[in-house]
Amino acid sequence: MARSSRNRQVVPESREMLKQMKYEIAAEFGLPVGYASGSNGADTEFGSELGVIGGGSSSRRPGWGHLTSRENGSVGGEITKRLVRNAEQSLFGKL
Numbered sequence: 001m002a003r004s005s006r007n008r009q010v011v012p013e014s015r016e017m018l019k020q021m022k023y024e025i026a027a028e029f030g031l032p033v034g035y036a037s038g039s040n041g042a043d044t045e046f047g048s049e050l051g052v053i054g055g056g057s058s059s060r061r062p063g064w065g066h067l068t069s070r071e072n073g074s075v076g077g078e079i080t081k082r083l084v085r086n087a088e089q090s091l092f093g094k095l
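In full-length UniProt numbering, the protein residues as written are 1 to 95.
Next up, the structure:
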């Protein structure tokens with residue numbers, strides 16, 4: 001099976017919301033990530049917490065590749081947890 005078909009989003013419009021959530025959670029966890037170069041839409045609210053944004057010089061480069069699998073997985077797990085909680089709240093009212 002081709003990779004692109006496995007990673008296809010059901011609601012493509014959700015891409016930006018999920019991306020923003022990923023960076024917000026990384027900031028909450030204190031993970032040193034930044035937006036990929038060429039992205040001028042960095043969220044300035046979390047700019048200082050995200051580490052290098054754009055082309056600054058730092059020993060840690062922006063992005064996700066330098067993080068451990070555990071760190072990356074913790075962000076993905078938290079995204080899943082929040083999405084499930086939001087879905088439950090919308091289906092069953094405020095819990």
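Even glycine gets a Cβ: it sits at the ideal position worked out from N, Cα and C.
Residue from the options whose Cα sits closest to the Cα of residue i
| i | options | result |
| --- | --- | --- |
| Met21 | Asn86, Thr68, Asn7 and Ser69 | Asn86 |
| Gly73 | Ile25, Val84 and Met17 | Ile25 |
| Leu34 | Gln89, Gln9 and His66 | Note that residue 34 is Gly in the sequence shown here, rather than Leu. When only C-alpha atoms are compared, the closest one is His66. |
| Ala27 | Glu88, Gly93, Trp64 and Leu83 | Trp64 |
Distance CB(residue i)-CB(residue j) smaller than 8 Å
| i | j | result |
| --- | --- | --- |
| Glu71 | Leu18 | no |
| residue 123 | Val84 | Nothing can be reported for residue 123: it is not among the residues displayed for the chain, which extend from 1 to 95. |
Chain-order list of residues whose beta-carbon lies under 7 Å from that of residue i (same chain, five-residue window excluded)
| i | result |
| --- | --- |
| Gly77 | none |
| Gly38 | Its pLDDT being 39, under 50, Gly38 is placed unreliably by the model, and the measurement read from it follows with that caveat. No residues qualify anywhere along the chain. |
| Arg15 | Gln9 |
Same chain, Cβ closer than 8 Å to residue i, neighbours up to 5 away in sequence not counted
| i | result |
| --- | --- |
| Ile79 | Leu18, Met21, Lys22 and Ile25 |
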